[in-house]
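Novice: Sequential numbering from 1 applies to the sequence shown in the UniProt record's numbering. Just so it is clear, CB atoms sit at the ideal spot from N, CA and C, and this is done for glycine as well. This structure is in structure tokens; I'll ask about it shortly.
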Amino acid sequence: MQQEDEARRRASPAGETKGGAPKKEEDLPGWRPDRGLRPVGSLIPRLTKPVFRKRSPAAAHLMTDWPEIVGPALAAQSMPQKLVAGTLVLRCSGPVAMELQHLAPLLIGKINAMLGPGLVQRLRFVQGAVTPPAAAPRRPPRPVVPETVKAALEEVPDPELRAALARLAQGVYRRRG
1 MQQEDEARRR ASPAGETKGG APKKEEDLPG WRPDRGLRPV GSLIPRLTKP VFRKRSPAAA
61 HLMTDWPEIV GPALAAQSMP QKLVAGTLVL RCSGPVAMEL QHLAPLLIGK INAMLGPGLV
121 QRLRFVQGAV TPPAAAPRRP PRPVVPETVK AALEEVPDPE LRAALARLAQ GVYRRRG
């Protein structure tokens, strides 16, 4: 009797593995071997459920859209850390935490307007240094018009035609750059 109870406790519920995935393909709802291939879309909910338990897509949007939500000045001094059960945890310095605390109703309204109603219900502040994300290295600007084209334009005798061709060349090379 005791061995049966122990064996029953070790067995996964409903034939699922630890991550929630089925043990066999036959265990998938709606799939039968005689029907052949099945749509990939039928697997997506089962595959994404464990991932979305750890990281919600709304939290990812919140982190990427943070400068647009609070503005560049506050975004440079604060950073969203995580979103758990309606509580948004923000990392910021002490004085900024005080300012954000006063702006909390406005921030919660903006966040919910952008990402969905009821997503954030309260803010929690964690004091710490905020390191802004590293800016992507900028490439030096390409010359708008190559030197060969500029030299060819200098040979055009009519000044009005030369100016019109120069504007055309700038438009063409701006689109390519």
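Quick check on this structure: which residue in Gly86, Leu161, Ser93, Thr131 has the alpha carbon closest to the alpha carbon of Gly109?
Specialist: Taking the sequence shown and counting its residues from 1, one reaches residue 109 at position 109. The shortest Cα separation from Gly109 among Gly86, Leu161, Ser93, Thr131 belongs to Gly86.
Novice: Might you give, ordered along the chain, the residues of its own chain that have their beta carbon closer than 6 Å to the beta carbon of Gly128, omitting 5 neighbours on each side?
Specialist: As a first step, residue 128 is located in the sequence shown; it is residue number 128 there, counting from the start. Arg91.
Novice: Quick check on Leu119: does DSSP put it in helix, strand or coil?
Specialist: For the purposes of this step, residue 119 is taken as residue 119 along the sequence shown, with counting starting at 1. Here Leu119 sits in coil by DSSP.
Novice: Checking the sheet assignment: what are the DSSP bridge partners for Ser78?
Specialist: As a first step, residue 78 is located in the sequence shown; it is residue number 78 there, counting from the start. Answer is Cys92, bridged to Ser78.
Novice: I need the DSSP call for residue 204, collapsed to helix, strand or coil.
Specialist: Since the first residue shown for the chain is 1 and the last is 177, residue 204 is missing from the structure and cannot be characterised.
Novice: For Arg124, list the residues DSSP reports as bridge partners.
Specialist: Here residue 124 is taken as the residue at index 124 of the sequence shown, counted from 1. In DSSP, Arg124 forms a bridge with Val89.
Novice: Do you know how far the Cα of Ser78 is from the Cα of Pro137?
Specialist: The count along the sequence shown starts at 1 and reaches residue 137 at position 137. The count along the sequence shown starts at 1 and reaches residue 78 at position 78. Spanning the two alpha carbons is a distance of roughly 23 Å.
Novice: With DSSP run on the structure shown, which of helix, strand or coil describes Leu103?
Specialist: The count along the sequence shown starts at 1 and reaches residue 103 at position 103. Looking at Leu103 - three-state DSSP - the assignment turns out to be coil, as it is neither helix nor strand.
Novice: In this structure, does DSSP put Pro137 in helix, strand or coil?
Specialist: Within the sequence shown, residue 137 is the residue found at index 137, counting from 1. Pro137: coil per DSSP, three-state reduction.
Novice: Cα separation between Leu88 and Arg46?
Specialist: Indexing the sequence shown from 1 puts residue 88 at position 88. Indexing the sequence shown from 1 puts residue 46 at position 46. Straight-line Cα distance between these residues: approximately 27 Å.
Novice: Count the other CB atoms, across all protein chains shown, that sit within 10 Å of the CB of Val96; report buried if there are 16 or more and exposed otherwise.
Specialist: Walking along the sequence shown from the start, residue 96 turns up at place 96. When all chains shown are included, Val96 counts as buried.
Novice: Quick one: Cα of Gly171 to Cα of Glu154, how far?
Specialist: Counted from its first residue, the sequence shown places residue 171 at position 171. Counted from its first residue, the sequence shown places residue 154 at position 154. Cα to Cα, Gly171 sits roughly 18 Å from Glu154.
Novice: Let me check understanding here. Comparing Cα to Cα, which of Pro72, Val145, Pro157, Ala75 lies closest to Arg167?
Specialist: Here residue 167 refers to the residue found at position 167 of the sequence shown. If we check each option's Cα against that of Arg167, Val145 comes out closest.
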